[in-house]
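**Student:** One structure coming up, written as structure tokens, with questions to follow.
Protein chains in written order, with the numbering used here: chain A, 185 to 504; chain B, 185 to 504.
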């Protein structure tokens, strides 16, 4: 095999890249943001353009696809996207195989990123790892015995909805204190906004001041990023929210350690850029939660924004 | 292969059995309780007697061993027993292989019982299951893709020390609200005793009355079994403790479902005999904790007290 085409349907962005097997650099690379009113048809149209511009008449030998939402990896059928309408039950693999006449492999972004880090990133040389993305939401993907593990119906890896604090705040899923409810960027932003709106006493004590500065007084602009930026500027309230998230994630990681005893946890996603304080709380809590005999490392993902593309390459290679 | 010798070093009992491959019934079977001051040497001596009486001069073709404590399955070295002193770093596999001159396989009782239920019990026909023993303690063992999964250092399956309520009661491991702290027989008995000693108001309201009847007023006799017996007689206090345990276990099971998406949970151990009310709370909580897309069944182990022996047979067969 020589040429691999890697596609990333990312929810807010679309990317495609071409790799010669054995190379560590993209031969060609294209990337575009989804339009505001994107749907499955516009996503597919944009991807068609990116691919046309990438291939320039060349024919790839295999295609790997990362999709930002639940996928049946066995059949390559997309179940839905939580961000873009119209993706319900789209037979993405079939569609691409018919168009290109070559083998196509599709999986969800967390599984693909896990495979990418395992094959090309922070997990090279390990046998078992759990990849966790901590971003808008929290999701995960498994490598066990050197292979992706997806579970009986492809749902394995959902650490985001592990309950770690049954008396904690209510999650959209109906439960309380899920890892995602505590640690994801969206929820951290929302919690901080709510406290600033409701608890004037804290504002009067000067807490949340850095947050207000960062958003120019417009609480609608408070995101997960603002929480971590304000925390790094010393804002007590932002720090409280950020570290509660790190604590919830650390509990989840320690629990996973006891249950599956993987060698390595690889953490990616925007929230992992929140600074050393966040990492310290995650690591300390995970270590306290795991039994003394359960050893693991917790490291930062190394492939950055291109993780889904590198993972898509690994997926295509795995299925040859 | 024809004859398998199965050994169970159970902590409080020792058992050995001989099976002709293909048969569903033991050819011969021996079992003895450990003496009060047992140590590794007395355990091994008793086991030697049981085996001598079983074999009657015949030579087995392989030996499978279940050990009630942490074992390095790769080398067959026992790390320790939590019940019997002297088992630290005993090379059990080597010892038996030298004596019998045949292949010996050793693993801890939870992994072995998981394999037993998978091969001969409630898990026949499934590809992935998590076996949980809910007894004195809480432990677990994995079958994934039709094979035992032990983790990077053989510690996988420790659902007992998954934290499900970080504000819950303190566990011996130093954390709060571990599954074992809530759901195990020993801790349920202890919690009930403590409430009866401290909270006279509840006794005055008639709660705990059935408990006192069952133990003839001697609170030292309150065990996990007494908790479930009193609960089934309608004792409110006992029911509160028992159902809190079932809730904690159900949370753990739902979390495991989201994380690993196995087809089946098999529950064994004395506490699973606590009656339908207990099972209902376990199932309801697990179902609420798991995401809607995550399907699994929760069933009772079917091999009973002989699960370790049947599992030892399966282990011996697996390693041929």
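Cβ atoms here follow ideal geometry from the backbone N, Cα and C, with glycine treated the same way.
(1) Give the range of the beta strand (DSSP E) segment to which residue 201 (chain A) is assigned.
(2) Which residues in the same chain as residue 187 (chain B) place their Cβ atom closer than 7 Å to its Cβ, once the five residues preceding and following it in sequence are excluded?
(3) Could you check where the beta strand (DSSP E) with residue 386 (chain B) kicks off and where it finishes?
(4) So with CB distances below 8 Å, who are the chain A contacts of residue 348 (chain B)?
(5) On the three-state DSSP scale, how would you describe residue 317 (chain A)?
(6) Within 10 angstroms of its Cβ, does residue 297 (chain A) collect 16 or more other Cβ (buried), or is it exposed?
(7) Do the region 462-478 of chain B and the region 425-438 of chain B meet, that is, are 3 or more Cβ pairs less than 8 Å apart?
(8) Which residue wins for smallest C-alpha separation from residue 328 (chain B), given the options B:365, B:315 and B:337?
(9) Between the C-alpha atoms of residue 222 (chain B) and residue 421 (chain B), what's the straight-line distance to the nearest angstrom?
(10) Taking Cβ positions only, does residue 353 (chain A) come closer than 8 Å to chain B?
(11) Go through its chain and collect everything with a Cβ distance to residue 371 (chain B)'s Cβ below 6 Å, but skip five positions before and after it.
(12) Does the region 376-392 of chain B touch the region 344-351 of chain B, meaning 3 or more C-beta pairs lie closer than 8 Å?
(13) Is residue 313 (chain B) closer than 8 Å to residue 247 (chain B) when the C-beta atoms are compared?
(14) Since I believe residue 250 (chain A) is in contact with residue 163 (chain A) (beta carbons under 8 Å), could you give me their beta-carbon distance rounded to a whole number of angstroms?
(15) Could one say the Cβ of residue 302 (chain B) lies closer than 8 Å to chain A's Cβ atoms, at least one of them?
(16) Could you check whether residue 416 (chain A) and residue 369 (chain A) sit closer than 8 Å to each other, using their CB atoms as the reference points?
(17) Would you say residue 479 (chain B) lies against chain A (beta-carbon separation less than 8 Å)?
(18) Check each candidate in B:333, B:399, B:294 and B:334 and name the one with the smallest Cα separation from residue 323 (chain B).
(19) So is residue 447 (chain B) in contact with chain A if we call contact Cβ pairs under 8 Å?
(20) Helix, strand or coil: which one does DSSP assign to residue 446 (chain B)?
(21) Taking buried to mean at least 16 other C-beta atoms within 10 Å of its own C-beta, is residue 220 (chain B) buried or exposed?
(22) Would you tell me roughly how many angstroms separate the C-alpha atoms of residue 405 (chain B) and residue 483 (chain B), rounded to the nearest one?
(23) How would you label residue 499 (chain A), buried or exposed, when you count the other beta carbons within 10 angstroms and need 16 or more for buried?
(24) For residue 497 (chain A), which residues in the same chain have their Cβ closer than 7 Å to its Cβ, ignoring the five residues on either side in sequence?
(25) Would you mind working out which of A:394, A:274, A:384 and A:410 sits nearest residue 374 (chain A), comparing C-alpha positions?
(26) What is the DSSP secondary structure of residue 489 (chain A), reduced to helix, strand or coil?
(27) Contact check, residue 440 (chain A) vs residue 485 (chain A) under 8 Å by CB: the rounded distance?
(28) Name the chain B residues whose beta carbon is nearer than 9 Å to that of residue 359 (chain A)?
(29) In or out: residue 334 (chain A) buried (at least 16 other Cβ within 10 Å) or exposed?
(30) Using only CA atoms, which one of A:446, A:428 and A:292 lies nearest to residue 340 (chain B)?
(31) The alpha helix (DSSP H) that contains residue 303 (chain A), what's its start and end?
(32) How about residue 321 (chain B): is its C-beta nearer than 8 Å to some C-beta of chain A?
(33) For residue 233 (chain A) and chain B, any beta-carbon pair shorter than 8 Å?
(34) By Cβ distance below 6 Å, which residues in the same chain neighbour residue 425 (chain B) in space, the five residues on each side in sequence not counted?
(35) What did DSSP end up calling residue 237 (chain A) once you bin it into helix, strand or coil?
(36) Rounded to whole angstroms, what's the CA-CA distance from residue 278 (chain B) to residue 367 (chain B)? Just pull it up for me.
**Tutor:** Checking against the coordinates, here is how it stands:
(1) 197-204
(2) 202, 204, 242, 244 and 245
(3) Looking at the DSSP string, residue 386 (chain B) is not in any beta strand (DSSP E); the run it does join, the alpha helix (DSSP H), is 384-388.
(4) 347, 348 and 350
(5) strand
(6) buried
(7) yes
(8) B:315
(9) 36 Å
(10) no
(11) 365
(12) no
(13) no
(14) Outside the displayed span of chain A (185 to 504) sits residue 163 (chain A), for which this structure offers no information.
(15) no
(16) no
(17) yes
(18) B:294
(19) yes
(20) coil
(21) exposed
(22) 30 Å
(23) buried
(24) 188, 190, 203 and 248
(25) A:410
(26) helix
(27) With 8 Å as the limit, residue 440 (chain A) and residue 485 (chain A) do not qualify as a contact, their Cβ atoms being about 16 Å apart.
(28) 438, 472 and 473
(29) buried
(30) A:446
(31) 293-304
(32) no
(33) no
(34) 372, 375, 376 and 411
(35) helix
(36) 36 Å
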